[in-house]
Structures are given as structure tokens and as C-alpha cells.
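In UniProt numbering, the protein residues as written are 1 to 539.
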């Protein structure tokens, strides 16, 4: 075996080990701790029930909103359609926990909405009923209108890919309802399944939104057990139960995909595609409402108070040292994490390109993205604690509460984010280029550095930016693993909200949203659909 082959295998196996070790550390805690617990009570606890209800509610809401908006902006012609194509992505720029914190501040008893109602109608406490924003119902609405773009973008991609099929059905005088239910939805079933799996995994992973809305979910139970009750056993048990749900979702998604038509392989004429002209004011108003309400609830309503509160506090924060330190810490950790993930992604993608039998390694590492952040944090903490105990007799060093531990958890979670675009970009490079480079005397490393990386630089930049943005927005793992007195923008915002200083938290939240807009721009570029020469409007 050559040195390069040995190094390649060692890198792959070490990478897999680093991704498996945290999960096995959770299992080791359960097996080694001498505790007798009522497993039935854990599985069917309030945390489980609330999580399942939240998943069902958010799943239905995102499914309806995502499919409806994608259908109308793809196959209906109306003024402002191109605006809605892009604007419907905007809620993804705001993390769910920021949306939740804004709505809590707006609609709570001392918030502007209820204060206005009391002053307008001279009401007092107890004179009127106002639904609590801290409820499962509001949680479904807030999370649903925050996550529907996952379904929207994948369904829209699928609908555009089958536009020739839709055009043929239209010329055969099939009704629009029949086209949608008999052709559109069955054909794009894989896209719907993928979008729904994204949404449901995000629901299980979300910590900040349930925390601010006081909804007991898995992630909140894990955080409370680990951070507040110092109950490592319960935290690990909740984490494993949540992982079980994640794996069930992955299996369910594979089953739902079934043997549906792969819309990416359909031969189509790209000269034109059919759209239906919206007739009548009522129909136009209805379509505007369907497309506008998700944008208002998921983006516009949260962003306006953030801008107002930030302008109110701008004088204070310009002179605040903590403000600049938290920004620096966020950028510093995000930058180096993104660099590390991109380097690992390039190496792994290149190794798999040279030896496809090692592609199973990719499947291992991409599963890290499906694991909730709180579970990643707890599993990494358990692993680092075990390693620190093992090495304590040899070295005077601790790995818990270090930037290294924090960045390790980020790489574990977000490696799949950079791996996707980089692997995709590398797969588009013809194999003949590798052979030509080899004939010219370049070895594998030289070919990768001097030939492939320049050719996939856009994919590398996209992977870097996506990881950078995700790390900036991360809350749960940062709260649990961060070093003492190490504040990022999200943790500082969390602390201020915990002290009910909602307006003071706004500048931090606004910066996170502005950074999040970068990911929306990237998504719009990635999912920028091929513009046809013209579209045939059916009146």
C-alpha cells in the first residue's frame, strides 16, 4: 500500500471516528450509570408529546403554504410574481428564536399591542381575553411560517422541472386541479418528502423558539437536564430518544420518496412553458394574500420592531465594549470553523472522487447535520469530558469549556453544509482533466490544488459562506459548550432576553438577521431557475 493510499484511508477512518465518537459517548453514559429509570415515562413525557404535536402542526402548515406558494408563483401569471419568487425565501434569514422573541415582546401583556388595546378601550387586567403567545398554537404558527421556504424551494424546483409535462396536460384540456393532484404532486413526491424531512428535523432541533415560547420539547428538556439540573443521565437519555425520532424521520423520508418519477431526468423543451393568467380581482387578491401572508408573518412583522428598537439603542451600543467583543467572538469562531469545514470537505470530496468505494464516509458525516444542536453539544461535552479524564494523568489540560470544543461541535454539525456544494462542484469537473494533469506529471495533491480548487472556487465560497452564516446563527450548542465569559451575538442576545431587556437585545438580533440574508442570497443563486426564452400565457 502506497503512502498516499495509507494517508487517504487514515483520514477517512479518523473522520468517521470523530463523528461516531460523540454518539457512542451518549450510549456509554446510559450503560455505565447505575440508575434505574421509568423508560416509559421518559418516552411518553410532556417533552415527547409537545414535540410530536409541534411536528404535526408545523408539518401540515409548511406543507400547505409551501406547495400553494410554489404552485402559484410557478404556473400563474400576475403582477409581482417575480418579486414573490425571491421574497418567499426571506423568512429563512431570520432564525426562529428571533421571530419568537419579537412576537413575545409585541404580544405579551406589557407589549405594545395589548397596551394599545387597553388605552384605546380603557380596559384593565381581567376585562378582556387575549390569547397567550407562549403556547403550542403560536409555536406552530411561528415555526411554520419560519420554515415553509424549505418546502417552497424544493417543490418549486420540482414543478419547474416538469413544466413540459404540465404544458402537454394543458393542451389536452386537463383541468388545473387535475393537473396539480394527478400529475404535479405525485411526480414531485421526492421533493415534497425532502422538504418535509428538512422541516421536521428543524422542529426537533430547534431550541431557542420553544425556549422563548415556554414549550417543553426535547431540546428544552436536554438543555434543562444538562445545564440547570446537572443531570447528565437524563440529558443523554432524552438525546438518544430524540435521535431515535430523527432516524425514524430519515427512514420515513426514504419510504415516502418511493419509486416516484425522478423529475430531474424528464426531457423537456426549454423554449417556453405555460402559465395561466389570473382572471378577476377576487382571484388576484386571493393569490396576493396566499403569497404575502407568509412573508408578513415570517419576515416583515419581526424585522420592523427590530429596526425600531435598534435605532432606539444605537447610541448606547456604539460605545459598548461588550457589543464589539461579542461581534468579534462570533466572527472569529465562525471564520475559523468555516475554514476547517471547507478544508475537510475538499479533502473528503477529492478522496471519494479518486476512490468511489469510500463514498460511505460522506453518508456518515452528512448525518451530523440531522442531529439537533443540543444533542451535538451534550455528546461533545461528554466525549471531551472523557478525553480530559483520560489524558489528565499525562497532561495538565482540559478540553471542556474551550474554543476547541466549541469549534469541534460546529464542524460536527455543519460539515455537511459545506460538503454539499463542494462535492457537487467537484462532480461537475470532467475526469479527463484528472487524466491530462496526471500525464503532465502532476501528482494528486498538485492536481487538486492547482487544477480542481480554482475550477470549483465558487462552490468553495458558497460552502464557506453557508457554514459561516450557520455558525453565526447558532445558539444552543454555543450556550452549552462555550468557554466561561465567552459571549457571541446569539448568547448575548439570549442573556438580555432572559433579563427581559428585549429592546437591548434587538441590535444583536438585527446583525444576526443581516448575516442570515447572506444565506438567502446564496440560496436564491443556487436555486436560480433557468429563465426560458419566453413563457406562453394561457388566458
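Each residue gets a CB set at the ideal place from its N, CA and C atoms; glycine is no exception.
- Looking at 201, 223, 55, the one whose alpha-carbon comes closest to that of residue 211 is 223.
- For the pair residue 337 and residue 471, the CB atoms are nearer than the 7 Å cut-off.
- In this structure, DSSP gives residue 217 a state outside helix and strand, which the three-state scheme calls coil.
- The three-state secondary structure of residue 45, taken from DSSP, is coil.
- For residue 323, the enclosing alpha helix (DSSP H) covers residues 321-354.
- Burial state of residue 413 is buried, judged by a 10 Å Cβ sphere holding 16 or more other Cβ atoms.
- A distance below 7 Å between beta-carbons, with the five flanking residues on each side excluded, links residue 123 to the following residues of its chain, in chain order: 117.
- DSSP places residue 165 within a helical segment (H, G or I) once states are collapsed to three.
- Selection 388, 45, 236, 94 evaluated against residue 518 yields 94 as nearest (Cα-Cα).
- Taken atom to atom, the span from the alpha-carbon of residue 180 to that of residue 154 is near 16 Å.
- Judged by pairs of C-beta atoms under 8 Å, the region 302-319 touches the region 496-516, as three or more such pairs exist.
- The beta carbon of residue 359 lies closer than 7 Å to those of 352 in the same chain, with the five residues before and after it left out.
- The C-beta distance from residue 195 to residue 151 rounds to 4 Å, short enough to fall under 8 Å.
- Put simply, of 483, 252, 344 the residue whose alpha carbon is nearest the alpha carbon of residue 333 is 483.
- Looking at the DSSP output, residue 502 bridges to nothing.
- Collapsing the DSSP output to three states places residue 103 in a helix.
- In the structure shown, residue 76 falls within a strand segment according to DSSP collapsed to helix, strand and coil.
- In this structure, the beta-carbon distance from residue 200 to residue 55 falls below 7 Å.
- When the beta-carbon positions are compared, residue 282 and residue 72 stay at least 7 Å from each other.
- Contact annotation, residue 340 with residue 411: C-beta distance approximately 6 Å; criterion of less than 8 Å satisfied.
- By the criterion of a C-beta distance shorter than 8 Å, residue 183 is surrounded in its chain by 162, 165, 166, 169, 174, once the five residues flanking it on both sides are discounted.
- Taking C-beta separations shorter than 7 Å and ignoring five residues to either side along the sequence, the partners of residue 451 in its chain run 433, 437, following chain order.
- About 38 Å separates the CB atoms of residue 104 and residue 255; that is not less than 8 Å, and the two are not in contact.
- When C-alpha distances from residue 246 are compared across 227, 206, 234, 225, the shortest belongs to 206.
- Straight across, the Cα-Cα distance linking residue 479 with residue 459 is about 31 Å.
- In the DSSP assignment, residue 400 falls outside any alpha helix (DSSP H), carrying neither H nor E.
- Counting the other Cβ atoms within 10 Å of the Cβ of residue 473 gives 16 or more, which makes it buried.
- A Cβ-Cβ separation of about 6 Å places residue 106 in contact with residue 113 under the 8 Å criterion.
- Taken in chain order, the complete alpha helix (DSSP H) segments of 4 or more residues contained in the region 170-212 are 189-205, 208-212.
- About 13 Å separates the beta carbon of residue 15 from that of residue 367, a gap too long to meet the 8 Å contact definition.
- Membership of residue 316 in the alpha helix (DSSP H) is indicated by the continuous run 301-318.
- Excluding residues up to 5 positions away in sequence, 19, 415 lie with their Cβ nearer than 6 Å to the Cβ of residue 365 in the same chain.
- For residue 485, the secondary structure class from DSSP, reduced to helix, strand or coil, is coil.
- The beta carbon of residue 448 lies closer than 7 Å to those of 350 in the same chain, with the five residues before and after it left out.
- In this structure, residue 189 keeps its C-beta atom at 7 Å or more from the C-beta atom of residue 74.
- Residue burial is scored here from C-beta neighbours: residue 220 has at least 16 other C-beta atoms within 10 angstroms and is therefore classed as buried.
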